[in-house]
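Peer 1:
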Amino acid sequence: MTNNTSITQVVRDKRPLGLLSLLPFIVVALTLLPVLVVASSLFTPTWPVWQHLWSTILPELLLNTAVLLTGVGIGTLALGTSLAWLVTAYDFPGKRTFEWLLVLPMAMPAYIMGFVYMAIFDFAGPVQTYLRAQGLDALVFWEIRSGFGAITVMTLVLYPYVYLLAKAGFAEQSGSALEAAKVLGSSKTRLFLQVVLPLARPSIVAGVSLALMEALADFATVRYFNFPTVADGILRVWHGLMDLGAASEMAGLLAMLALLLLLSEQRLRNRRAYHQVRGKGQGLPTMFLGGWRGLVAAGICSFVVFAAFGLPLTQLLLWGSRELSQLTAGTLAVYVRLAANSLSLAGIAAAVAVAVALLVASLTRLKSGALSRLLTRVVTTGYALPGAVIAVGILLPLSALDRSINAVAVAWWGVAPGLIFTGSIVGLIYAYTVRFMAVAYNSVDSSLEKIPPNTVLAARVLGATPLRLITEVQLPLILPGLMAGAILVFVDVMKELPITLMLRPLGYDTLAIWVWQMAAESLWASTALPALVIVLVGLIPIKLLLSQSK
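Numbers given in the numbering used here equal positions in the sequence shown, counted from 1, plus 1.
1) Assuming the contact rule is C-beta atoms closer than 8 Å, residue 556 and residue 155 should be a hit. Round their C-beta distance to whole Å, please.
2) Should residue 138 be labelled buried (16 or more other beta-carbon atoms within 10 Å of its own) or exposed?
3) Would you kindly check if the distance between the Cβ of residue 479 and the Cβ of residue 513 is under 8 Å?
4) Starting from the C-beta of residue 532, find all residues in its chain whose C-beta is less than 7 Å away, skip the five residues before and the five after it, and write them out in chain order.
5) Please name the residue, chosen from 251, 29, 44, that lies closest to residue 392 on a Cα-to-Cα basis.
6) Which word fits residue 1, buried or exposed, when buried means at least 16 other C-beta atoms lie within 10 angstroms of its C-beta?
7) Which of the three DSSP states is assigned to residue 92 in this structure?
8) Once DSSP output is grouped into helix, strand and coil, what is the label at residue 495?
9) With H, G and I counted as helix, E and B as strand and the rest as coil, what does DSSP make of residue 552?
10) In whole angstroms, what separates the C-alpha of residue 435 from that of residue 129?
11) Give the straight-line distance between the Cα atoms of residue 198 and residue 502, rounded to the nearest whole angstrom.
12) If contacts are defined as beta-carbon pairs under 8 Å, then residue 235 and residue 255 qualify, I think. What distance do you get, rounded to the angstrom?
13) I'd like the span of the alpha helix (DSSP H) that includes residue 505, first residue to last.
14) Are the segment 212-228 and the segment 383-400 in contact at 8 Å, needing three or more beta carbon pairs?
15) Measuring only the C-alpha atoms, how far is residue 378 from residue 346?
16) For residue 394, is the classification buried or exposed, using 16 other Cβ atoms within 10 angstroms of its Cβ as the cut-off for buried?
17) Measuring CB to CB, does residue 145 end up less than 8 Å from residue 171?
18) When you compare the CB positions of residue 45 and residue 163, do they come within less than 8 Å of one another, or not?
19) Do the CB positions of residue 249 and residue 38 come within less than 8 Å of each other?
20) Can you find at least 3 beta carbon pairs, one from the segment 402-418 and one from the segment 326-344, that sit closer than 8 Å?
21) Among 374, 542, 343, 341, whose alpha-carbon lies nearest the alpha-carbon of residue 440?
22) Confirm, please, whether the CB-CB distance from residue 166 to residue 207 is below 8 Å.
23) Grab me the residues of residue 1's own chain with a C-beta within less than 6 Å of its C-beta, minus the 5 sequence neighbours each way, in chain order.
24) Quick one, which of 69, 526, 228, 506 has its alpha-carbon nearest residue 425's?
25) Quick one: what's residue 289 bridged to in DSSP?
26) How many whole angstroms separate the CB atoms of residue 355 and residue 483, which I take to be in contact at a CB cut-off of 8 Å?
27) Where does residue 444 land, buried or exposed, given buried means 16+ other C-beta within 10 angstroms?
28) Could you round the C-beta distance between residue 383 and residue 32 to whole angstroms and report it? I think they count as a contact, below 8 Å.
29) What residue range does the alpha helix (DSSP H) around residue 428 cover?
30) Closer than 7 Å to a non-hydrogen atom of the ligand SAH - does that hold for the CB of residue 35?
31) So what does DSSP say about residue 525, is it helix, strand or coil?
32) Relative to the C-alpha of residue 523, which residue among 398, 115, 168 is closest?
33) Restricting to runs no shorter than 4 residues, where is the alpha helix (DSSP H) found entirely within the segment 365-406?
34) In chain order, what residues of the same chain have a beta carbon less than 6 Å from the beta carbon of residue 529, not counting five sequence neighbours either side?
35) Thinking residue 287 and residue 65 are a contact (beta carbons under 8 Å), I'd like their distance in whole angstroms, please.
36) Using only the alpha-carbon positions, how far apart do residue 106 and residue 416 sit?
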């Protein structure tokens with residue numbers, strides 16, 4: 002232990018980092034900028050706007066947001082936890098296959114599943130049309146364009162967050178605790194509620210919190226179902242009132258709700274501590290379900306997989322085949338342009354995020370301490386912020402910077418260069434990097450953990466500068482981790498809608514934007530091919546996840 006400590010100390014303190022040491026602080030400043038912008042707007046509220054909002058849509062937005070979070074929280078908790086327990090504690094036909102099939106809904110963005118479900122179950126959709134034709138109108142007891150529809154879709158899309166983390170929490174438990182409880186006469190139900198669930202509680206709370214953050218940030222799905230929330234309200238204020246300042250204040254409100262979720266998660270996870278020692282013993286015992294019980298278990302899993310992935314995918318394939326049969330050269334050219342825009346944005350954002358993450362992670366390791374840990378936490382906070390908050394928080398300062406540059410250029414040279422930042426993809430790349438830095442950083446940092454300290458020490462002793470250490474020693478060793486982080490960021494950017502919609506240059510459309518616009522016009526077939534590409538790309542991280550689990 003002493004050896005490792007001394008080696009690490011030498012590596013960290015061998016020589017000063019010079020100007021490179023400023024890089025983490027610059028990244029932190031750029032990360033905090035959008036947060037500070039929207040937070041500061043709350044201290045200078047536009048009271049007439051807030052009075053207008055309160056007398057019109059704000060109470061509805063707040064109520065709908067609370068209902069949505071409550072419904073999604075209960076739905077993902079119940080569905081994700083029960084499925085995780087089913088595949089962990091029981092053995093039944095097809096269990097191994099269902100373990101990974103139940104993760105597939107993560108590839109389907111909520112704004113895609115949302116319009117598919119609306120098209121299928123709406124009044125003019127095939128389900129209600131068939132029921133009316135058969136004289137079964139009484140069976141149509143739901144209204145899909147409602148909070149119920151939005152909660153159902155988001156629960157089906159987001160339950161894998163809870164499922165994966167709860168499954169990991171169950172798998173880590175020791176069978177000895179259960180055996181001890183059985184000896185004391187606990188029933189199966191009491192055993193699950195008082196032993197198994199408390200031990201898995203931190204994992205389950207983390208999964209539900211992730212699902213709630215995604216639901217809070219969503220604006221497209223709730224708009225499909227005519228169930229506006231605070232996130233949707235930001236765009237309504239921006240586009241309806243043409244007031245970016247008021248939109249910033251709404252974004253501040255949304256950021257406060259996100260912060261409240263984060264604090265609630267920390268409180269729920271830390272309020273009570275549960276410890277378990279598994280050691281080399283066996284994990285939870287599994288019970289074989291044969292006969293009709295096994296069929297019921299397989300049927301439950303099959304229904305969830307069909308509802309959350311099979312049904313929307315099948316409908317997209319049907320629309321896609323119809324679109325392909327009528328595809329013209331002009332439409333194909335549009336799709337190619339959309340794909341090129343999406344791929345280029347995702348590629349650039351992934352490269353920038355991973356490069357910044359590598360530099361920050363490496364430099365904070367070389368100069369470790371409380372300050373470095375604080376910098377790391379700040380740099381990775383963007384993932385907890387809704388995309389609309391980041392977009393508004395970046396648009397305001399970049400717009401001011403563009404105006405200043407143009408004013409100076411006109412004063413000095415009589416020529417205005419135009420919108421350098423807000424009229425290009427610079428703002429988009431900046432926002433993507435802030436939003437998904439945590440994804441890139443976690444991949445890079447976990448890879449750096451695996452590099453032996455002696456390797457870094459040898460390079461430093463031989464006179465390698467921090468930059469050479471990163472590029473010539475660490476980079477080749479962590480390349481697989483860098484690639485994994487880049488792929489995850491790439492996929493997230495391909496699926497991202499709020500940031501792209503709010504910061505894209507005029508006329509710069511992507512696959513996600515096209516899907517959103519066509520779905521808003523109920524042009525279902527026109528959404529199919531771009532949506533299928535997004536879903537296909539969304540399967541990549543699931544493949545990586547399954548490969549790592551093996």
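Even glycine gets a Cβ: it sits at the ideal position worked out from N, Cα and C.
Peer 2: Per the coordinate set shown:
1) Because the chain here runs from 2 to 551, residue 556 falls outside it and cannot be looked at.
2) Locating residue 138 in the sequence shown gives position 137, where the first residue counts as 1. Residue 138 comes out exposed.
3) As a working mapping, residue 513 is identified with position 512 in the sequence shown. As a working mapping, residue 479 is identified with position 478 in the sequence shown. No; because the gap between Cβ atoms is not below 8 Å, this pair is not in contact.
4) The sequence position of residue 532 within the sequence shown is 531, counting from 1. Closer than 7 Å at the Cβ level, and outside the excluded window around residue 532, lie 113, 317, 516.
5) Indexing the sequence shown from 1 puts residue 392 at position 391. If we check each option's Cα against that of residue 392, 251 comes out closest.
6) Since the first residue shown for the chain is 2 and the last is 551, residue 1 is missing from the structure and cannot be characterised.
7) Reading the sequence shown from its first residue, position 91 is the one you call residue 92. Note: residue 92 maps to strand in three-state DSSP.
8) In the sequence shown, counting from the first residue as 1, residue 495 sits at position 494. The answer is helix: DSSP assigns residue 495 an H, G or I state.
9) This structure does not reach residue 552, given that the chain is present from 2 up to 551, and the question cannot be answered.
10) The residue given as residue 435 occupies position 434 in the sequence shown. The residue given as residue 129 occupies position 128 in the sequence shown. Cα to Cα, residue 435 sits roughly 44 Å from residue 129.
11) Taking the first residue of the sequence shown as position 1, residue 198 is located at position 197. Taking the first residue of the sequence shown as position 1, residue 502 is located at position 501. Distance between the alpha carbons of residue 198 and residue 502: 41 Å.
12) The residue you call residue 235 lines up with position 234 of the sequence shown. The residue you call residue 255 lines up with position 254 of the sequence shown. Contact holds; Cβ gap of about 7 Å.
13) For this step, residue 505 is matched to residue 504 along the sequence shown. Per DSSP, residue 505 belongs to no alpha helix (DSSP H) and is neither H nor E.
14) The answer is yes - the segment 383-400 touches the segment 212-228, with three or more Cβ pairs under 8 Å.
15) The residue labelled residue 378 in the question sits at position 377 within the sequence shown. The residue labelled residue 346 in the question sits at position 345 within the sequence shown. In a straight line, the C-alpha of residue 378 is about 26 Å away from that of residue 346.
16) Within the sequence shown, the letter at position 393 stands for residue 394. Under this definition residue 394 is a buried residue.
17) Reading the sequence shown from its first residue, position 144 is the one you call residue 145. Reading the sequence shown from its first residue, position 170 is the one you call residue 171. No; because the gap between Cβ atoms is not below 8 Å, this pair is not in contact.
18) As a working note, residue 45 is residue 44 in the sequence shown. As a working note, residue 163 is residue 162 in the sequence shown. Against a cut-off of 8 Å, the Cβ pair of residue 163 and residue 45 comes out as no contact.
19) Within the sequence shown, the letter at position 248 stands for residue 249. Within the sequence shown, the letter at position 37 stands for residue 38. It is a contact, given that the beta carbons lie within the stated cut-off.
20) no
21) Here residue 440 is taken as the residue at index 439 of the sequence shown, counted from 1. Ranking 374, 542, 343, 341 by CA distance to the CA of residue 440 puts 542 first.
22) Your numbering for residue 207 matches position 206 in the sequence shown. Your numbering for residue 166 matches position 165 in the sequence shown. Going by C-beta atoms, residue 207 is nearer than 8 Å to residue 166.
23) Any property of residue 1 remains undetermined from this structure, which presents the chain solely from 2 to 551.
24) Here residue 425 is taken as the residue at index 424 of the sequence shown, counted from 1. Comparing Cα positions, the closest option is 506.
25) As a first step, residue 289 is located in the sequence shown; it is residue number 288 there, counting from the start. Answer is 92, bridged to residue 289.
26) As a position in the sequence shown, residue 355 is number 354, starting the count at 1. As a position in the sequence shown, residue 483 is number 482, starting the count at 1. Confirmed, about 5 Å.
27) Working through the sequence shown from its first residue, we reach residue 444 at position 443. By the neighbour-count rule (16 or more Cβ atoms within 10 Å), residue 444 is buried.
28) Taking the sequence shown and counting its residues from 1, one reaches residue 383 at position 382. Taking the sequence shown and counting its residues from 1, one reaches residue 32 at position 31. Rounded, the Cβ-Cβ distance is 6 Å, consistent with contact.
29) As a working mapping, residue 428 is identified with position 427 in the sequence shown. Element bounds for residue 428: 427-450.
30) No copy of the ligand SAH occurs in the structure displayed, which carries no ligand at all.
31) As a working mapping, residue 525 is identified with position 524 in the sequence shown. DSSP places residue 525 in helix when its eight states are reduced to three.
32) Here residue 523 is taken as the residue at index 522 of the sequence shown, counted from 1. Checked all of 398, 115, 168; the closest Cα to residue 523 is 115.
33) 371-380
34) Reading the sequence shown from its first residue, position 528 is the one you call residue 529. Same-chain partners within the cutoff: 317, 320, 321, 324.
35) If you number the sequence shown from 1, residue 287 lands on position 286. If you number the sequence shown from 1, residue 65 lands on position 64. The Cβ separation is near 42 Å, so there is no contact.
36) On the sequence shown, residue 106 is found 105 positions in, with the first residue counted as 1. On the sequence shown, residue 416 is found 415 positions in, with the first residue counted as 1. For residue 106 and residue 416, the distance between alpha carbons rounds to 52 Å.
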